[in-house]
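S.K.: Using the working numbering, you'd call the opening residue of the sequence shown number 49 and step up by one each time. C-beta: ideal position from N, C-alpha, C; glycine also.
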Amino acid sequence: MRGNFYENERVALFIDGANLYSAARSLGFDIDYRRLLKVFREKGRLVRAYYYTALVEDQEYSPIRPLIDWLDYNGYTMVTKPAKEFTDAMGRRKVKGNMDIELAIDVLEMADHLDHVILFSGDGDFRRLVEAVQRRGLRVSVVSTIKSAPPMVADELRRQADDFIELSELAPLIARNPSERATRPAAREPDAEHDDAPSESLMRSA
49 MRGNFYENER
59 VALFIDGANL
69 YSAARSLGFD
79 IDYRRLLKVF
89 REKGRLVRAY
99 YYTALVEDQE
109 YSPIRPLIDW
119 LDYNGYTMVT
129 KPAKEFTDAM
139 GRRKVKGNMD
149 IELAIDVLEM
159 ADHLDHVILF
169 SGDGDFRRLV
179 EAVQRRGLRV
189 SVVSTIKSAP
199 PMVADELRRQ
209 ADDFIELSEL
219 APLIARNPSE
229 RATRPAAREP
239 DAEHDDAPSE
249 SLMRSA
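(1) Pull up the CB-CB distance for V127 and L94, whole angstroms please, since I reckon it's below 8 Å.
(2) Compute the Euclidean distance between the alpha carbons of I166 and F53, then round it to the nearest angstrom.
(3) My understanding is that F212 touches D64, with C-beta atoms under 8 Å, so please give their C-beta distance in whole angstroms.
(4) I need the straight-line Cα distance from E131 to L68, nearest angstrom please.
(5) Going along the chain, which unbroken runs of the beta strand (DSSP E) with 3 or more residues stay wholly within the segment 179 to 221?
(6) Buried or exposed: which applies to L156, given that a residue is buried once 16 or more other Cβ atoms fall within 10 Å of its Cβ?
(7) Assuming the contact rule is C-beta atoms closer than 8 Å, S189 and D160 should be a hit. Round their C-beta distance to whole Å, please.
(8) Could you give the distance in angstroms between the alpha-carbon of S74 and the alpha-carbon of E217?
(9) So, is V87 buried or exposed, given that buried needs 16 or more other C-beta atoms within 10 angstroms?
(10) Considering only the alpha carbon of each residue, which of N146, N122 and A137 lies closest to V104?
(11) Assign R224 to one of two classes, buried (16 or more other C-beta atoms within 10 Å of its C-beta) or exposed (fewer than that).
(12) Taking only three categories from DSSP, how would you classify P233?
(13) Does DSSP put E133 in a helix, in a strand, or in coil?
(14) Once you ignore the five residues that flank T125 on each side, which residues in its own chain have a CB closer than 6 Å to its CB?
(15) If you run the structure through DSSP and keep just helix, strand and coil, what is L156?
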């Protein structure tokens with residue numbers, strides 16, 4: 049995995065759940081969040097790992113709930129909020145769940161306790177956030193992909209970051225092993241992420 053890390057630097061992960069899900073799926077793999085956490089714990093002093101996603105509250109069963117519960121018990125700090133449902137001009141039901149503000153606030157509030165921010169998103173709206181954090185002396189690495197068609201990372205965000213970590217190069221370290229699906233309970237382990245396809249994909253397109 050490319051990227052510059054220092055042994056004693058304080059690192060935090062900020063994961064835009066819907067964006068990362070879409071990027072990984074565009075590359076044809078699912079993420080094992082246990083392995084992801086292990087990779088970055090070995091790169092520095094991991095202070096916190098945040099995961100951001102919106103939930104459709106009135107659903108009797110949310111397909112993303114098993115993933116959220118697993119992450120919450122296994123080293124991640126979950127940040128969620130209710131998704132908003134609406135009907136567009138064509139009469140189609142849409143779900144909107146943008147977590148940009150929540151993520152930006154947490155990055156800025158944590159800045160004094162970190163040396164290195166790892167942002168898992170390709171959203172160009174985060175360029176100004178990255179710039180603001182860099183002015184406070186932090187380094188920022190962006191994790192996304194240019195290997196998909198179209199690329200998942202905005203060019204302006206990639207240019208602003210100190211380092212760009214290509215998700216396809218990270219995949220061998222964090223991809224879920226398909227053979228584990230049958231041997232581990234889906235509701236309590238990372239490959240429950242596979243079950244969140246309806247929610248996360250809807251939010252990505254909203």
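M.R.: Judging by the given coordinates:
(1) For the purposes of this step, residue 127 is taken as the residue at position 79 of the sequence shown. For the purposes of this step, residue 94 is taken as the residue at position 46 of the sequence shown. That belief does not hold up - the Cβ atoms of V127 and L94 are roughly 17 Å apart, past 8 Å.
(2) Locating residue 166 in the sequence shown gives position 118, counting from the first residue. Locating residue 53 in the sequence shown gives position 5, counting from the first residue. Roughly 11 Å separates the two Cα atoms.
(3) To locate residue 212, count along the sequence shown from 1; it is residue 164. To locate residue 64, count along the sequence shown from 1; it is residue 16. Distance from F212 to D64 at the Cβ level is roughly 15 Å; contact not present, criterion being Cβ atoms closer than 8 Å.
(4) Counted from its first residue, the sequence shown places residue 131 at position 83. Counted from its first residue, the sequence shown places residue 68 at position 20. It should be noted that the sequence gives Ala, not Glu, for residue 131. Whole-angstrom Cα-Cα distance: 18 Å.
(5) If we require 3 residues or more, the beta strand (DSSP E) runs fully inside the segment 179 to 221 come out as 187 to 192 and 211 to 214.
(6) Position 108 of the sequence shown, counted from the start, is the residue given in the question as residue 156. Result: exposed.
(7) Counted from its first residue, the sequence shown places residue 189 at position 141. Counted from its first residue, the sequence shown places residue 160 at position 112. Not really, about 19 Å apart at Cβ, beyond 8 Å.
(8) If you number the sequence shown from 1, residue 74 lands on position 26. If you number the sequence shown from 1, residue 217 lands on position 169. So the alpha carbons of these two residues sit roughly 14 Å apart.
(9) The residue labelled residue 87 in the question sits at position 39 within the sequence shown. Classification of V87: exposed, given that the 10 Å Cβ count is below 16.
(10) Counting from 1 along the sequence shown, the entry for residue 104 is found at position 56. The shortest Cα separation from V104 among N146, N122 and A137 belongs to N146.
(11) Translated into the one-based positions of the sequence shown, residue 224 becomes position 176. With 16 or more other Cβ atoms within 10 Å, it is buried.
(12) By one-based count along the sequence shown, residue 233 stands at place 185. Note on P233: pLDDT 37, under 50, position unreliable in the model; the coordinate value appears next. Reduced to three states, the DSSP call for P233 is coil.
(13) Locating residue 133 in the sequence shown gives position 85, where the first residue counts as 1. Note: E133 maps to strand in three-state DSSP.
(14) Translated into positions along the sequence shown, residue 125 becomes position 77. Excluding residues within five positions, the ones whose Cβ falls inside 6 Å are R96 and Y98.
(15) The count along the sequence shown starts at 1 and reaches residue 156 at position 108. Three-state result, L156: helix.
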